[in-house]
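Colleague:
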Amino acid sequence: MIENISKFFNEKSWIKVLFILIVLMLLSFQLRAQTADMKFAGDNEFLKKLFSDEHGRMYLLALDPYYYLRLTENLYNHGHCGETLKEINGKLLPYDTCQYAPPGHPVSWEPPIICLTNLALYYIWHSIDNTVSIMNAAFWVPAVLSMLLPIPIFFIIRRVTNSYIGSAVGAIALITAPSLLYKTCAGFADTPIFEVLPILYIVWFILEALHYQDKTEIFNRNFKNIFSLFVIVSLIVEAILGAYLNISEGEITVFATEIFYMLSFMLLLFGIVIIIIKKIRNETIPFEIFLTLAIITTALAPKMWGGWWYGFDVIMIFFIIYLIAIKIFERYDFRFILTGNFKNVLYMTAFYIFGSLILLGIIYGANMILSPFLSPVGYQQVLSTYQLSTGWPNVYTTVAELEKPESWEEIFTASVGSPLLAIFGILGIIFSFISLRYGSLKIDIKYSLLLSLWLVVTLYASTKGIRFASLSTPPLVIGFGIFVGQLIRVLERKDILILYTLGSLSIIIGIIGIIKNYNKIYEIVVPSLYVPIAEYTLLIGLLVLFIYKLSDIYNSIRENRELIYKIASILLCLGIVIPQLSAVIPFSEPPTFNNGWKESLDWIKNNTPENAVITCWWDNGHIYTWATRKMVTFDGGSQNSPRAYWVGRAFATSNEELAVGILRMLATSGDEAFKKGSVLMNKTHNNVSKTVEILNEILPLNRSAAYKILTEKYGLTDKEAKEVLNATHPEHPNPDYLITYNRMTDIASVWSMFGFWNFSLPPNTSNDVREKGWFLKLRAKGIKINNSLDIVVILKKTVKYSIANIIEIKGENISTNNVLVDSTGRILKIEKPLIHRLIIYDKNNKKYYNKVINESANTSLIVRIDNNMVYAWLSSKNLEDSIYAKLHFLDGYGLKHIKLVKASIDPTSYGVQPGFKVYKVDYGNYLN
């Protein structure tokens, strides 16, 4: 019986492949489903409820997914992605009134693919469970789509090495790669999954076409078969659908988009089904069908990611180099080098390049045909500069993932999680030139050339920004799988020396990998039970493969070399994949949005006017627009704008009148006062520094005083001055609500750098030398002794000693000293603290203390007493009296125009609680 199991699977190899793919796909899903278990909360039910909706389903991760969630909900509710419709240049267009508002901006009638995917899953799931929301469906989209990741990797490696084990190892390396795991896990309903899927499938289809390059139907003018029929019909249908989408306008565009995607994916699926059927029948497949699938995927790629062209360029350059190589090797008759069929490869090159360009031109317009040739030049300029030609500060210089990596180790770690794995991946790409499939050693360039080019291009991109390290993940894990696959092929020769050396090493690697991670075996097999059917199906698949492999080993029990080979192979596989899987289990990530924030955002949504504007730092802007449907000054899609300076200035300044003037200007006129073509920019000959100087001078003043300065000091005409004042001192301003939250304390160095921005410095001045401020959170406690309150602020604590600042408050008298004590509590030293100012806000007794301690010091200490809690912060001198410090630490104490109206818990970062605060801005009598 057990012998027949192995025989069955070996005879029906497609069933074996099917079960391997099922396991890999479900393993990818289950690894990403771990986030839904909210393991970060442990057994804390309060935390779980804080980060989940009324049905206990976790909120989305990160920030950008909330932008696409809002668009998806708009598409569902309105039939388009805008908040409303607005006539622009005689055309009715969807309009986003929330983002970068005022004034907002138009959005395309064509919905993004992620919105359609969100809705597709929502319709399916909601038909089963009517408690499911669009957010709940969007939460699972990346995890569901991640099931498509291992398929092309498995077949690419198998095509190069003919090794099931190498293919599985490479696929698992991809689905566990840190660069992809987080950004494609459940809850991260963003676009990264769409950045990687097209190139994976295009490369797979091209490699399959290369394998079958000797078989052609269309170029042999054989049109009376299913292959030719599929190719011709598919390309015609795709062209018709693309042309219809390209020329469609208005509401019909949404329908055209849905039809385009639906039929395009159906064509891809139908083509793959044809190939599977023919493969099961052991029939030869013409290369045109693979090229057709590659062309359709290329045509879809621009709708998934703006950087789609790099994959097309890689393949185009590969084909050119490959054709040249074939000619050279044919001429010099290198018999040990496998080249290719020049005539058919030439057909393939023309078919793919021109077929793709024609379809791209039909679907997107003539400009798209030039995109693969012009985009690399423009993209290189973007990657190579941090300088803005406009003269405004560049927010992108503070975005961590856009920073240039400092070493290859950093790139490899970000890409595949381990420099060692990356090195083996590079070796695997090199070894892919060596083919062990034909009994004797051969050099085969048709796969290795494409993979090498892909790796070189993506590694180069990685050096320009750590964000691009994920582009190199697929070729590196493919190379790693090839490396393992080639080792398996060497073992398969069953040479006695190889078995005793490489075989023994493989067995040792396997045993070490299992022993070191044995305590995680159960979690690896059962990563999550949140979706029981997925886990049970995964376990069934693993059980079937286990029984097959057991049978396979059992059948070799009388053949020592065969037995050693099979045991060594499986242990090598386990020794590699178990540590990889162990590294990502458990995997958990808390959402940013939570019910604490929701309480305050619901208050804004329900208790503020329709024209209310929310001003905040940009990072959470997408959450605020989704939760409130109110205008937001700027967000993650518009952060690199002049508003970064103005919002940073409003928080960093100590001048309340200036802060209120900035908020009034942004909330009502947006960029009108300082945009290119404005009165001030024209008057100063586009001198941003001078424009900013004038605005900073007039914004704190009332309208009449500002008018006088504009006309008398800067020579503006009456008409020009009034146009400026209509933007800075509007007669009918929009109400503004300011938000602070605990993490803003942590990133004070970022927003304050923009707020203190010195425009007279060269634009490329390093951020390291620019003025910025900071806050440092400290631990503190209060002790009531007789009629005095002693506050202990821990400044530094080690195993051997502690330094604390002791503040004694007795009536109106304050004294403070730094105390050094050893581990036994013995006082070693007492001295006056080196702080510029001591600021204490006693919320319980409504008392405020502000005392200069040391004029020459550069840091200050801010203390807040609230019920039984004492909070403390060290502050840079330039932020001690800032609007942010007064708002977030002191609840706006001492401010005339900015008042706290709502506060709720902020569990996302340590700090004052409630730590999510909403303030209403009162503009005062500025029209005088």
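Here the sequence shown stands for residues 345 to 1272, numbered as in my numbering.
Cβ coordinates follow ideal geometry from the N, Cα and C atoms, glycine included.
(1) Counting C-beta neighbours from all protein chains within 10 Å, is the total for Phe1119 16 or more, i.e. buried, or is it exposed?
(2) On a Cα-Cα basis, can you pick out the residue from Ser998, Ser814, Glu593, Pro953 that is closest to Ala758?
(3) Output the distance between the C-alpha atoms of Leu613 and Leu525, rounded to the nearest integer angstrom.
(4) Look at the alpha carbon of Ala1229 and the alpha carbon of Ala377, and state the distance between them as a whole number of angstroms.
(5) Is Ile1183 near Ile1206, with beta carbons less than 7 Å apart?
(6) Less than 7 Å between C-beta atoms, sequence neighbours within five positions excluded: which residues of the same chain meet that for Val875?
(7) Here's the rule: buried if 16 or more other CB atoms are within 10 angstroms of the residue's CB, otherwise exposed. What is Thr977?
(8) Does the count of Cβ pairs from the region 946-963 and the region 410-422 closer than 8 Å reach three?
(9) Can you list, in chain order, the residues of its chain whose CB lies under 6 Å from that of Leu797, leaving out five sequence neighbours each side?
(10) To the nearest angstrom, report how far apart Lys393 and Met402 are at their CA atoms.
(11) Applying the criterion that 16 or more other CB atoms from any shown protein chain within 10 Å of the CB defines a buried residue, is Leu1172 buried or exposed?
(12) Count the other CB atoms within 10 Å of the CB of Asp1062; is the residue buried (16 or more) or exposed (fewer)?
(13) Excluding five sequence neighbours on each side, which residues of the same chain lie with their C-beta closer than 8 Å to the C-beta of Tyr556?
(14) Closer than 7 Å by C-beta to Pro986: which residues in its own chain qualify, once you throw out the five before and the five after it? Chain order, please.
(15) Would you list the residues sitting across from Lys435 in a DSSP beta bridge?
(16) Arg675 to Ile349, Cα distance in whole Å?
(17) Quick check for students: name the residue ranges of the alpha helix (DSSP H) that lie wholly in the region 1018-1091, counting only runs of 4 or more.
(18) Nearest by alpha-carbon distance to Ile495: which of Gly434, Gly514, Tyr989 is it?
(19) Output needed for Asn938: all residues of its chain with C-beta closer than 6 Å, excluding positions within five of it in sequence on either side, in chain order.
(20) In whole angstroms, what is the alpha-carbon distance linking Ala988 and Lys1027?
(21) Identify, in the order they occur along the chain, each residue of the same chain with its Cβ nearer than 8 Å to the Cβ of Glu753, setting aside the five sequence neighbours on each side.
(22) Just mark Gly400 as buried or exposed, buried being the case when its beta carbon has 16 or more other beta carbons within 10 Å.
(23) Taking buried to mean at least 16 other C-beta atoms within 10 Å of its own C-beta, is Gly709 buried or exposed?
(24) CB Ile1179 to CB Ser1146, shorter than 7 Å?
(25) Where does Trp1217 sit, in a helix, a strand or coil, going by DSSP?
(26) Is the beta carbon of Gly531 sitting closer than 7 Å to the one on Thr742?
(27) Are the CB atoms of Ala583 and Ile706 within a distance shorter than 7 Å?
(28) Give the straight-line distance between the Cα atoms of Lys1121 and Leu1231, rounded to the nearest whole angstrom.
(29) Count the C-beta pairs between the region 431-451 and the region 470-478 that are closer than 8 Å, then say yes if the count reaches three, no if not.
(30) Rounded to whole angstroms, what's the CA-CA distance from Thr535 to Cys529? Just pull it up for me.
(31) Residues in its own chain within less than 7 Å of Ser372 by CB, not counting five upstream and five downstream?
(32) Between which residues of its own chain and Thr729 is the CB-CB distance below 6 Å, once the five residues before and five after are set aside?
(33) Look at the alpha carbon of Gly699 and the alpha carbon of Asn564, and state the distance between them as a whole number of angstroms.
(34) Tell whether a beta-carbon distance below 7 Å holds between His966 and Leu407.
(35) Tell me, to the nearest whole angstrom, how far the beta carbon of Met302 is from that of Phe538; I am working on the premise that it is less than 8 Å.
(36) At 3 residues or longer, and completely inside the region 948-1000: list those beta strand (DSSP E) runs for me, N to C.
Modeller: Taking the geometry as given:
(1) Buried.
(2) Answer by Cα proximity: Ser814.
(3) Cα-Cα distance, rounded: 26 Å.
(4) Here the C-alpha atom of Ala1229 lies approximately 40 Å from the C-alpha atom of Ala377.
(5) In this structure, Ile1206 lies closer than 7 Å to Ile1183 by Cβ.
(6) So the list reads Ala377, once near-sequence residues are dropped.
(7) With 16 or more Cβ atoms within 10 Å of its Cβ, Thr977 is classed as buried.
(8) By the Cβ test, the region 946-963 is not in contact with the region 410-422, since fewer than three Cβ pairs between them sit closer than 8 Å.
(9) Correct list, in chain order: Val658, Phe662.
(10) So the two alpha carbons sit approximately 9 Å from each other.
(11) Exposed is the call here.
(12) When all chains shown are included, Asp1062 counts as exposed.
(13) Cβ neighbours of Tyr556 beyond the five flanking positions: Thr628, Ile629, Pro630, Phe631, Phe634.
(14) For Pro986, the CB contacts under 7 Å within the same chain, skipping 5 residues up- and downstream, are Trp736, Asp1015, Phe1018 in chain order.
(15) Partner(s): Ile432.
(16) Cα atoms of Arg675 and Ile349: separation of roughly 50 Å, rounded to the nearest angstrom.
(17) Scanning the region 1018-1091 from its first residue to its last, the whole alpha helix (DSSP H) runs of 4-plus residues come out as 1023-1027, 1032-1042, 1047-1052, 1062-1072, 1087-1090.
(18) Looking at Gly434, Gly514, Tyr989, the one whose alpha-carbon comes closest to that of Ile495 is Gly514.
(19) Answer for Asn938: Leu394, Phe395, Pro1251, listed in chain order.
(20) Between the alpha carbons of Ala988 and Lys1027 lies a distance of about 23 Å.
(21) Pro763.
(22) Gly400 should be labelled exposed.
(23) Classification for Gly709: exposed.
(24) Going by C-beta atoms, Ile1179 is not nearer than 7 Å to Ser1146.
(25) In the structure shown, the three-state DSSP call for Trp1217 is strand.
(26) Going by C-beta atoms, Gly531 is not nearer than 7 Å to Thr742.
(27) In this structure, Ile706 sits near Ala583, with a CB-CB distance shorter than 7 Å.
(28) Whole-angstrom Cα-Cα distance: 16 Å.
(29) The region 431-451 vs the region 470-478: no contact.
(30) If I take the Cα positions, the gap works out to 12 Å.
(31) Taken in chain order, the residues that qualify are Ser490, Met491, Leu493, Pro494, Ile519.
(32) Residue confidence is low: Thr729 scores 47 on pLDDT, short of 50, so the model does not pin down where it sits. Its coordinate-derived value is still stated next. Taking Thr729 as the centre and dropping the five residues before and after it, the same chain places no C-beta closer than 6 Å to its C-beta.
(33) A straight-line Cα-Cα distance of about 18 Å links Gly699 and Asn564.
(34) For His966 and Leu407, yes; Cβs fall inside 7 Å.
(35) Outside the displayed span of the chain (345 to 1272) sits residue 302, for which this structure offers no information.
(36) Counting whole runs of 3 or more residues, the region 948-1000 contains the beta strand (DSSP E) stretches 957-959.
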